Amino acid sequence: MLHTVNKSPFAGSALDNCLAFLAGGDEIVLLEDGVVAATLDIIDRCEAPIYAIEADVKARGLSARLRSTVKLIGYDEFVNLCTMHNSIRSWS
Numbered sequence: 001m002l003h004t005v006n007k008s009p010f011a012g013s014a015l016d017n018c019l020a021f022l023a024g025g026d027e028i029v030l031l032e033d034g035v036v037a038a039t040l041d042i043i044d045r046c047e048a049p050i051y052a053i054e055a056d057v058k059a060r061g062l063s064a065r066l067r068s069t070v071k072l073i074g075y076d077e078f079v080n081l082c083t084m085h086n087s088i089r090s091w092s
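Residue numbers in the sequence shown follow the numbering used here, run continuously in steps of one, and reach 92 at the last position.
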């Protein structure tokens with residue numbers, strides 16, 4: 001399953017809820033204000049691959065603070081991830 005998180009972890013529990021429901025083979029895409037999570041230590045403890053939309057990261061000035069476990073992707077790569085998964089769960 002592909003999980004998307006579009007809310008900052010400081011504005012709600014979307015990230016925590018997402019992490020609680022992860023299963024093997026799942027992946028996470030952080031977008032919009034959800035990219036703020038890409039700067040937090042909790043991301044390093046996540047076993048699922050984590051991606052962040054590069055344009056959203058840059059728009060928020062977070063490029064220098066990203067955790068090394070987060071891979072930046074563009075919208076084309078995001079679309080590819082969506083097509084690779086049978087289901088997508090949006091957390092907001």
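Just so you know, even glycine gets a beta-carbon here, dropped at the ideal spot from N, CA and C. Predicted model only: the values in this text are computed from it and were never measured.
Cβ-Cβ separation, Ala48 to Glu27 (assumed contact under 8 angstroms), whole Å: As a working note, residue 27 is residue 27 in the sequence shown. As a working note, residue 48 is residue 48 in the sequence shown. Correct: roughly 6 angstroms between the Cβ atoms.
Hey, how far is the Cα of Cys18 from the Cα of Ile53? Position 18 of the sequence shown holds residue 18. Position 53 of the sequence shown holds residue 53. In a straight line, the C-alpha of Cys18 is about 17 angstroms away from that of Ile53.
Option in Glu32, Trp91, Val36 with minimal Cα separation from Ala64: Translated into the one-based positions of the sequence shown, residue 64 becomes position 64. Among Glu32, Trp91, Val36, the Cα nearest to that of Ala64 is on Val36.
Pick out whichever of Val57, Ala20, Asn86, Glu32 has its Cα sitting closest to the Cα of Lys71. Looking up residue 71 in the sequence shown gives position 71. The shortest C-alpha separation from Lys71 is found at Val57.
Check whether the Cβ atoms of Leu15 and His85 lie closer than 9 angstroms to each other. The sequence position of residue 15 within the sequence shown is 15, counting from 1. The sequence position of residue 85 within the sequence shown is 85, counting from 1. Going by C-beta atoms, Leu15 is not nearer than 9 angstroms to His85.
Among all the DSSP beta bridges, which residues are the ones paired with Lys71? What you label residue 71 is simply residue 71 of the sequence shown in a count that begins at 1. Paired residues: Tyr51.
Does DSSP put Arg60 in a helix, a strand or coil? In the sequence shown, residue 60 corresponds to position 60, counting from 1. It is coil, neither helix nor strand.
Just how far apart, CA to CA, sit Ala59 and Phe10? Taking the sequence shown and counting its residues from 1, the one referred to as residue 59 is at position 59. Taking the sequence shown and counting its residues from 1, the one referred to as residue 10 is at position 10. Taking the straight line joining both Cα atoms gives about 18 angstroms.
Compute the Euclidean distance between the alpha carbons of Gly12 and Ser92, then round it to the nearest angstrom. The residue you call residue 12 lines up with position 12 of the sequence shown. The residue you call residue 92 lines up with position 92 of the sequence shown. Answer to the nearest angstrom: the Cα atoms are 8 angstroms apart.
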